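In order, the protein sequences belong to chains A and B.
Numbered per the working numbering, the first sequence spans residues 619 to 932.
Numbered per the working numbering, the second sequence spans residues 619 to 932.
We put the beta carbon where it would ideally sit given N, CA and C, even for glycine.
Treat the numbers as computed from the prediction; the structure is a model and nothing was measured.
2 protein chains.
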Amino acid sequence: MTAVVVAGAGSIGSLLAAHLAQVADVTVLTRREEHAAALREQGLRVSGRGDFTARLGATADAGRLPPDVELVILACKSTDLEPLAARLEGTLADATVMTIQNGLGAEEIVRGYGERPLVSAVTFMSGVRHSDAHVEYELDTETWLGPFAATTSFEHAQEIEALLVESGLRARAFPDLRPAQWSKLIFNATVNTVAALTDLPHVGAFARVAEPTDLGLLVRDLMDEGKAVAAASGVELHEDPWEMNVHAVQRGETEAAAGAYAHVPSMLEDVRSHRATEVDFITGALVREAARASVPAPLHAAMYRLVKAREAAY
Amino acid sequence: MTAVVVAGAGSIGSLLAAHLAQVADVTVLTRREEHAAALREQGLRVSGRGDFTARLGATADAGRLPPDVELVILACKSTDLEPLAARLEGTLADATVMTIQNGLGAEEIVRGYGERPLVSAVTFMSGVRHSDAHVEYELDTETWLGPFAATTSFEHAQEIEALLVESGLRARAFPDLRPAQWSKLIFNATVNTVAALTDLPHVGAFARVAEPTDLGLLVRDLMDEGKAVAAASGVELHEDPWEMNVHAVQRGETEAAAGAYAHVPSMLEDVRSHRATEVDFITGALVREAARASVPAPLHAAMYRLVKAREAAY
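Structural data, given as structure tokens:
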């Protein structure tokens, strides 16, 4: 079986590790030793859209990872990526590294700690972490991946896609991930900051455009501004972020009617828990790209400054 | 002595009533009878920048106000003005009515319940209401007033100014209040919405413009947008709102260093208490004026939609 390391076991890392353990030899790298002990002793339970308990290896010591690892998925938040990449420097020499952080710039951070074959990924799935050994699978949407620059091939990304699909997750490989990455960047920069500032989960209001006060008008303006930045940066989007928003909201409303709760974007979770958000990697990246391409992005700049100030108010 | 009614005894109404009671025959009109009873029995205590207890009349029954009242100050929030004006319809026929609400449009609401001599006012003082019978006088800044349209004269506004000054408050009459009203409108639309969305009191960050992420850059952009709306509406501002912001913040920092706490704008107080905000009368008024004058106001429209969504999330 393929040997895989999943580094970081928040909700996304836990979902990846538990599913991949069905078809691969998975070791989870945690930050806390008691988290690793809980996973070793209890396994990792998946509820919600799944219902199983995965058996897997786990350690908080990067020096004790298996030597023959072929794939390392860095599943931490973008704010934790730099120290994680530093912990792995010089280890797992033969492994391909897959980044799956929100926003832009994860690959460059990893590259700063050694040349490796790199696969970029973005994921639309979501989960709720109930404990160190229990994650609820919420949205079973796709994970998109592709080779980063020329560090590896499209074929290699397709092998990882096959492994993810075999494990029960939805995945799709692209020869060039940038169009998909940017679609998600614009979606995320908008939905996350609006949620964080309004305290609203991603609900119907995000797509409402009937009255001049409706929130959907701001959401659409933010996405239009993001699309102009993408166009000026030479990126042709894979999907229209406004359509992604409308579909996500419609799906959410169907599920809310069926008793499921509304999806809380991670930046709103962070603000509610007074944690540092990923705004520098998401909206910050978009604002910096806008400056580089000399396109105005006053609304995203406003959201960026508001979220930074919201963090300063903790 | 001049007979005065102060209708509404939140922090501003309480400060006006207690001070005016030193030089006029004041009756407070409250919404709750127990509030009126507390004021009649205990008087109204002022602490902070003042230290006295005022004796005054109080009732929750508009039909029991003294018949010879010369001045009625409507000191409720703008969101409560319409029902208050309705309660007073047909009473106090000889009185001049002074509005002191945030934003624009208070005079038109009062006019909808009968023609009266109207004086417009805006106030920069602030207080913290500790109980029905105790208000702390926080900022002893000026109250500005002037005749509304041609319903009364500048001389009459000056008489009210003299009464306020004699009572120990700072006040200033203008032949035309619009330049001052608009300065405060732009100041308020910016500082209140930024505070409500970031959870920050009005602190130094509002004037910081050194780094691209600094909040002061958004504050200044919002004020520039507001100034363009004023110019297109033919209003020459009395004071530059950005300068007002810088001075208020500097004054606040001096006081914070001396142990006083940071000023919490009313919209932030409202959001923290999950109350309806005055955003429709403040930012909403500015956005409507921008549309009327065909000037773009995308940042204020964004703040308006965010605060409306924040209210919907309660």
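Three-state class that DSSP yields for residue i in the structure shown
i, result
"B:TYR731", "coil"
"B:ILE900", "coil"
"B:ARG826", "coil"
"A:SER632", "helix"
"A:LYS722", "Residue identity check: residue 722 of chain A is Leu in the sequence provided, not Lys. Of the three classes helix, strand and coil, the one that applies to A:LEU722 here is coil, per DSSP."
"B:ALA789", "strand"
"B:HIS748", "strand"
"A:ASP643", "strand"
"B:PRO916", "helix"
"A:TYR922", "helix"
"B:LEU818", "coil"
"A:GLY834", "helix"
"B:GLY675", "strand"
"B:GLU871", "helix"
"B:ARG910", "helix"
"A:PRO859", "helix"
"A:GLY681", "helix"
"B:GLY844", "helix"
"B:SER665", "strand"
"A:ALA621", "strand"
"A:MET885", "helix"
Contact list for residue i against chain B, beta-carbon separation under 8 Å
i, result
"A:ALA823", "ALA927 and ALA930"
"A:ARG923", "THR831, ASP832, LEU833, LEU835 and LEU836"
"A:ASP686", "Ordered by position in chain B, no residue passes the 8 Å Cβ test against A:ASP686, which lies about 44 Å from the chain."
7 Å Cβ cutoff met for residue i and residue j
i, j, result
"B:ARG928", "A:THR816", "yes"
"B:VAL821", "B:GLU907", "no"
"A:LEU917", "A:GLU843", "yes"
"A:ASN863", "A:ALA828", "no"
"A:THR648", "A:ALA627", "yes"
"A:MET841", "A:THR895", "no"
"A:SER801", "A:GLU857", "yes"
"B:ASP686", "B:ALA621", "yes"
"A:SER696", "A:ASN720", "yes"
"B:GLY668", "B:TYR755", "yes"
"B:ARG788", "B:TRP762", "no"
"A:ALA915", "A:VAL905", "yes"
"B:GLU725", "B:THR717", "yes"
"B:ALA654", "B:ALA678", "yes"
"A:ALA823", "A:LEU835", "no"
"B:MET885", "B:ALA814", "yes"
"A:GLY631", "A:ALA693", "yes"
"B:LEU634", "B:ILE691", "yes"
"A:PRO883", "A:ILE804", "no"
Closer than 7 Å at the beta carbon, the chain B residues around residue i
i, result
"A:ASP888", "Within 7 Å Cβ-Cβ: nothing; A:ASP888 doesn't reach chain B, min ~14 Å."
"A:THR816", "LEU924, ALA927, ARG928 and ALA931"
"A:LEU917", "PRO916 and ALA920"
"A:ASP842", "Here the premise fails: no neighbours, minimum Cβ distance about 11 Å."
Burial state of residue i, where buried means 16 or more other Cβ atoms lie within 10 Å
i, result
"A:ARG890", "exposed"
"A:ARG796", "buried"
"B:GLU733", "exposed"
"B:TYR932", "exposed"
"A:GLN799", "buried"
"A:SER912", "exposed"
"B:ASP888", "buried"
"A:HIS881", "buried"
"A:ALA711", "exposed"
"B:GLY764", "buried"
"B:HIS637", "buried"
"B:ARG838", "buried"
"B:GLU779", "buried"
"B:GLY902", "buried"
Proximity test, residue i beta-carbon vs the ligand SAM heavy atom, cut-off 6 Å
i, result
"A:THR811", "The ligand SAM is not part of the structure shown, which contains no ligands of any sort."
Neighbouring residues, chain A, relative to residue i (Cβ below 7 Å)
i, result
"B:ALA669", "A small fix is needed here, since residue 669 of chain B is Asp in this sequence, not Ala. Near B:ASP669 there are no residues of chain A at all, since even the closest Cβ is about 32 Å away, more than 7 Å."
Where residue i meets chain A, residues with beta-carbon distance less than 9 Å
i, result
"B:ASP643", "Chain A residues near B:ASP643: none, gap ~44 Å exceeds 9 Å."
"B:ASP758", "The premise fails here: B:ASP758 is roughly 27 Å from chain A at the closest Cβ pair, so nothing lies under 9 Å."
Interface residues of chain A facing residue i [CB-CB closer than 8 Å]
i, result
"B:ASP858", "Result: empty, since nearest Cβ-Cβ is about 21 Å, beyond 8 Å."
Inter-stretch contact at 8 Å, needing at least 3 Cβ pairs: the stretch 749 to 763 of chain B / the stretch 652 to 669 of chain B: yes
Contact between the stretch 695 to 706 of chain A and the stretch 667 to 678 of chain A (3+ Cβ pairs under 8 Å): By the Cβ test, the stretch 695 to 706 of chain A is not in contact with the stretch 667 to 678 of chain A, since fewer than three Cβ pairs between them sit closer than 8 Å.
At least three beta-carbon pairs within less than 8 Å, the stretch 692 to 703 of chain A to the stretch 623 to 641 of chain A: Cβ pair count under 8 Å is three or more, so yes.
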